[in-house]
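A.B. asks:
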Amino acid sequence: MRYGMVIDLRRCVGCYGCQLSCKAEHGTPPGVFFARVQKQEMGTYPNTRLLFLPLLCFHCQDPPCVHVCPTGASHQREGGIVDIDPEKCVGCRACMMACPYGARYYNEDHRGYFPGQGYTPYEEHRYQDQNTGVVMKCNFCLHRVTEGLDPACVANCAARARTFGDLEDPDSEVSRLIRERGGTPLHPELGTNPSVYYLPP
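Numbering-wise, our numbering comes out as the position in the sequence shown, counting from 1, plus 54.
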């Protein structure tokens with residue numbers, strides 16, 4: 055079993071549903087986006103088009119972030135999911151420097167979305183489960199996956215541009231899409247062997 059995700063760039067419409075559902079699922083502070091969408095222009099005038107590029111942790115099979123972690127806080131779980139143990143993280147941020155995809159964030163403190171007005175009830179509820187002074191990142195919604203559910207970004211994609219499944223199963227939907235549509239990871243030349251693949255637009 056190797057968990058992985060396929061993102062269809064032809065179907066993504068840049069609605070930011072993945073980004074918003076991820077923030078709601080994890081209750082991340084301002085400026086922290088485990089899932090994010092970048093806009094890029096392609097082509098030359100007058101033949102241009104807008105491409106939406108969803109980004110997240112790529113759950114590399116050879117993760118440099120895990121290799122540099124001095125405490126073992128960054129680790130690889132069964133199924134290939136790269137995760138962080140907040141109880142072991144000392145906030146050195148070596149993993150952030152090592153991640154070639156910029157997928158990690160340092161949670162310095164519990165900043166509210168409305169400075170000077172205190173926390174909303176939602177923030178109070180979510181922040182009580184979060185450590186400060188540690189690094190945080192996408193973990194493919196491990197709490198959902200262990201219950202047989204798709205990650206929040208997949209479940210809430212209105213355009214159905216995301217597919218989640220077992221990359222090692224040749225009959226799985228993710229494997230079929232990669233095979234039939236020529237899916238490729240982002241920056242394969244880095245040699246990290248990511249578990250997130252993109253289908254061409």
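Idealized CB from N, CA, C, for every residue including glycine.
For M150, report the span of its alpha helix (DSSP H) as first-last.
C.D. replies: Counting along the chain, the alpha helix (DSSP H) containing M150 begins and ends at 148 to 152.
A.B. asks: If contact is defined by three or more beta carbon pairs under 8 Å, each pair taking one atom from either stretch, is the region 172 to 188 in contact with the region 81 to 92?
C.D. replies: yes
A.B. asks: In three-state DSSP terms, what is R165?
C.D. replies: coil
A.B. asks: Could you give the distance in angstroms between the alpha-carbon of E162 and the alpha-carbon of Y176?
C.D. replies: 19 Å
A.B. asks: To which residues does DSSP link R180 through a beta bridge?
C.D. replies: Answer is none; R180 lacks a bridge partner.
A.B. asks: Taking all protein chains shown into account, decide if T174 is buried (16 or more other Cβ within 10 angstroms of its Cβ) or exposed.
C.D. replies: exposed
A.B. asks: From the DSSP output, in three-state form, read off R56 for me.
C.D. replies: coil
A.B. asks: Can you find the residues in the same chain that come closer than 6 Å, C-beta to C-beta, to E227, ignoring five residues on each side of it along the sequence?
C.D. replies: T217, G219
A.B. asks: Name the residue from G145, G133, D225, P242 whose alpha carbon lies nearest to the alpha carbon of F194.
C.D. replies: Of the listed residues, the one whose Cα sits closest to F194 is G133.
A.B. asks: Here's a check: name, in chain order, each residue in its chain whose Cβ is nearer than 8 Å to the Cβ of T102, leaving out the five neighbours to either side.
C.D. replies: Closer than 8 Å at Cβ, skipping near neighbours: E95, M96.
A.B. asks: Using the three-state DSSP reduction, which class does P84 fall into: helix, strand or coil?
C.D. replies: coil
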